[in-house]
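Undergrad: Would you mind keeping the following structure in view while I ask a few things?
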Amino acid sequence: MAELYQRNNLFSVDGLVAVITGGGSGIGLMMTKAFASNGAKKVYIVGRRKEKLDEAASFNPSVIIPVVGDVTSKDALKAVASRVESETGYINLLVCNSGTMGPVTGVNNRKVSIKEYAAAAMNQSWDEVTSTLNLNVASVMFTAYAFLELLEKGNKHPAFSKTKSQILVTASIAGFEKEPNQSMAYKASKAATIHVAKNLSSELWPFDIRCNALAPGLFPSELASSLLSDSKADPREEGSFDKSYIPAERTGTEEDMAGTILYIASRAGAYLNGNILVIDGGRLNVMHSTY
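All you need for the working numbering is the position in the sequence shown, starting with 1, plus 21.
Below is the structure:
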């Protein structure tokens, strides 16, 4: 019975086959490296930039497989799924992680007139707003749909039988925020992403496929670069931020994300379904939010 409580049993991802969109950079790369360092069999990373994918794959070429693909294209998603099926035959975990920040008004609503605010808001590109929703919301849905049959096959494969197959969606604490002067398109898209994850959980349980979502706060990444541009020190070091901004006084780190993803993907997280896991150092506690 003692082995039930041992970390090697609870948090093992030995034999896992995963697909991670946006797995070549930022949070996705942290996840990729966590799996590749802890016994995963194959980690397919999908993205548009071949050089980024190849660089990420060099971390562990025998495990990490780069696949160039556009998650906003049904044909591209089908092609990626077809390749994975031909090479491996199944997957245990799909991480829908690709995303974009979206346009901002560029004005402080507390320091301008309603006329100035309206002009700045209307000056946002309609195409940029809809492309944000397209990538952050619609692509999550269609990426999930493209891999459903491979996830079902994962449940029948003995190589990783610790959990039922799972979709993990990278959302954001922005989906709970009501802070002004940030990208409304991004916040709205992440609120929608959270609801997509909840609904996938409700729709897929009859097929023994789970769906959970991760709502990260601030982590060093290309996506968050504009929020970290004023930081003179390593933002991951405690003391880099005022406690009133992030109670943990730092951004998330590679260890924070690795520990979280290993929990979610392993036997330790096998009972999660329909869960939205916030990992933000307490940031939502000090902002206007709906969480």
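For each residue, glycine too, the CB sits at the ideal point set by N, CA and C.
Less than 9 Å separating the beta-carbons of Arg-69 and Val-101?
TA: Numbered from 1 along the sequence shown, position 48 holds the residue referred to as residue 69. Numbered from 1 along the sequence shown, position 80 holds the residue referred to as residue 101. Their beta carbons are not under 9 Å apart, which means Arg-69 does not touch Val-101 by this criterion.
Undergrad: Closest Cβ-Cβ distance between Asn-144 and chain B: below 9 Å?
TA: In summary, chain B is missing from the structure at hand, where a single protein chain is found.
Undergrad: Say whether the segment 259-278 touches the segment 75-89, bearing in mind that this needs 3 or more beta-carbon pairs closer than 8 Å, one atom from each stretch.
TA: They do not touch, by the three-pair rule.
Undergrad: Rounded to whole angstroms, what's the CA-CA distance from Asp-301 to Gly-44? Just pull it up for me.
TA: Residue numbering aside, residue 301 sits at position 280 when the sequence shown is read from its first letter. Residue numbering aside, residue 44 sits at position 23 when the sequence shown is read from its first letter. One C-alpha to the other measures close to 20 Å.
Undergrad: Give the single residue among Tyr-65, Pro-201, Pro-241 whose Cα lies nearest to the Cα of Leu-115.
TA: Reading the sequence shown from its first residue, position 94 is the one you call residue 115. Out of Tyr-65, Pro-201, Pro-241, Tyr-65 has the C-alpha closest to the C-alpha of Leu-115.
Undergrad: Nearest-angstrom Cα distance between Leu-225 and Phe-197?
TA: Residue 225 sits at position 204 when you count from the first residue of the sequence shown. Residue 197 sits at position 176 when you count from the first residue of the sequence shown. One C-alpha to the other measures close to 24 Å.
Undergrad: State buried or exposed for Ala-218, treating a residue as buried only when at least 16 other CB atoms are found within 10 Å of its CB.
TA: Here residue 218 refers to the residue found at position 197 of the sequence shown. By the neighbour-count rule (16 or more Cβ atoms within 10 Å), Ala-218 is buried.
Undergrad: Would you check if the segment 284-303 and the segment 233-245 touch, i.e. whether three or more CB-CB distances between them fall below 8 Å?
TA: Short answer: they touch.
Undergrad: Compare the Cα-Cα distances from Ser-46 to each of Ala-141, Pro-124, Arg-131, Val-67 and report the closest residue.
TA: The residue given as residue 46 occupies position 25 in the sequence shown. Taking only the C-alpha atoms, the option nearest Ser-46 is Val-67.
Undergrad: Could you tell me whether the segment 104-111 touches the segment 166-180, using the rule of 3 or more Cβ pairs below 8 Å?
TA: Enough Cβ pairs lie closer than 8 Å, so yes.
Undergrad: Kindly give me the distance between the Cβ atoms of Ala-55 and Leu-283, rounded to whole angstroms, as I take these residues to be in contact under 8 Å.
TA: For the purposes of this step, residue 55 is identified with residue 34 of the sequence shown, where counting begins at 1. For the purposes of this step, residue 283 is identified with residue 262 of the sequence shown, where counting begins at 1. Indeed they touch by this definition, with Cβ atoms about 6 Å apart.
Undergrad: If we count the other Cβ atoms within 10 Å of its Cβ and call it buried at 16 or more, is Met-52 buried or exposed?
TA: The residue labelled residue 52 in the question sits at position 31 within the sequence shown. Met-52 comes out buried.
Undergrad: So, for Pro-241: in the same chain, excluding its five sequence neighbours on each side, which residues have a beta-carbon less than 7 Å away from its beta-carbon?
TA: Against the sequence shown, residue 241 aligns to sequence position 220. Taken in chain order, the residues that qualify are Leu-249, Pro-256, Arg-257, Thr-272.
Undergrad: Counting only runs that start and end within the segment 184-231, where is the alpha helix (DSSP H) found for 4 or more residues in a row?
TA: Entirely contained in the segment 184-231, the alpha helix (DSSP H) runs reaching 4 residues are, in chain order, 205-225.
Undergrad: Give me the DSSP bridge partner(s) of Ser-134.
TA: Here the question's residue 134 lines up with position 113 in the sequence shown. None, per the DSSP bridge assignment.
Undergrad: At 4 residues or longer, and completely inside the segment 246-293: list those alpha helix (DSSP H) runs for me, N to C.
TA: Here the runs fully enclosed are 275-286.
Undergrad: Helix or strand or just coil, what does DSSP make of Thr-53?
TA: Numbered from 1 along the sequence shown, position 32 holds the residue referred to as residue 53. Looking at Thr-53 - three-state DSSP - the assignment turns out to be helix.
Undergrad: Spell out a yes or no on whether the segment 118-137 and the segment 147-162 are touching, meaning 3 or more CB-CB pairs, one atom from each, closer than 8 Å.
TA: Flag = yes, the segment 118-137 and the segment 147-162 touch.
Undergrad: Tell me whether the beta-carbon of Ala-39 lies closer than 9 Å to the beta-carbon of Lys-73.
TA: For the purposes of this step, residue 39 is identified with residue 18 of the sequence shown, where counting begins at 1. For the purposes of this step, residue 73 is identified with residue 52 of the sequence shown, where counting begins at 1. Result no, Cβ atoms of Ala-39 and Lys-73 do not sit closer than 9 Å.
Undergrad: Where does the unbroken alpha helix (DSSP H) through Lys-174 begin, and where does it stop?
TA: Taking the sequence shown and counting its residues from 1, the one referred to as residue 174 is at position 153. Looking at the DSSP string, the run of the alpha helix (DSSP H) that includes Lys-174 is 169-176.
Undergrad: What are the boundary residues of the beta strand (DSSP E) that includes Thr-42?
TA: Counting from one through the sequence shown, the residue named residue 42 turns up at place 21. That run of the beta strand (DSSP E) goes 38-42.
Undergrad: Over what stretch of residues does the alpha helix (DSSP H) that includes Val-101 continue unbroken?
TA: Along the sequence shown, read from residue 1 onward, the residue named residue 101 stands at position 80. From DSSP, the alpha helix (DSSP H) with Val-101 extends over 95-108.
Undergrad: For Val-307, count neighbouring Cβ atoms within 10 angstroms of its own Cβ and tell me buried if that reaches 16, exposed if not.
TA: Counting from 1 along the sequence shown, the entry for residue 307 is found at position 286. By the 10 Å Cβ count, Val-307 comes out exposed.
Undergrad: Below 7 Å CB to CB, which residues in the same chain sit around Asn-130 once its five sequence neighbours on both sides are set aside?
TA: Working through the sequence shown from its first residue, we reach residue 130 at position 109. Closer than 7 Å at Cβ, skipping near neighbours: Tyr-138, Pro-201, Asn-202.
Undergrad: Can you list, in chain order, the residues of its chain whose CB lies under 6 Å from that of Asp-75, leaving out five sequence neighbours each side?
TA: As a position in the sequence shown, residue 75 is number 54, starting the count at 1. Cβ neighbours of Asp-75 beyond the five flanking positions: Pro-87.
Undergrad: What does the Cβ neighbour count give for Gln-187, buried or exposed, with the cut at 16 atoms within 10 Å?
TA: By one-based count along the sequence shown, residue 187 stands at place 166. Burial call: buried.
Undergrad: For Ser-310, which three-state DSSP category applies?
TA: Start at 1 with the first residue of the sequence shown, and residue 310 comes out as number 289. Strand.
Undergrad: Could you have a look at Pro-179 and say whether DSSP puts it in helix, strand or coil?
TA: The residue you call residue 179 lines up with position 158 of the sequence shown. Looking at Pro-179 - three-state DSSP - the assignment turns out to be helix.
Undergrad: Just the Cα atoms here: how many angstroms apart are Thr-191 and Lys-132?
TA: Within the sequence shown, the letter at position 170 stands for residue 191. Within the sequence shown, the letter at position 111 stands for residue 132. If you take the alpha carbons of Thr-191 and Lys-132, they lie about 33 Å apart.
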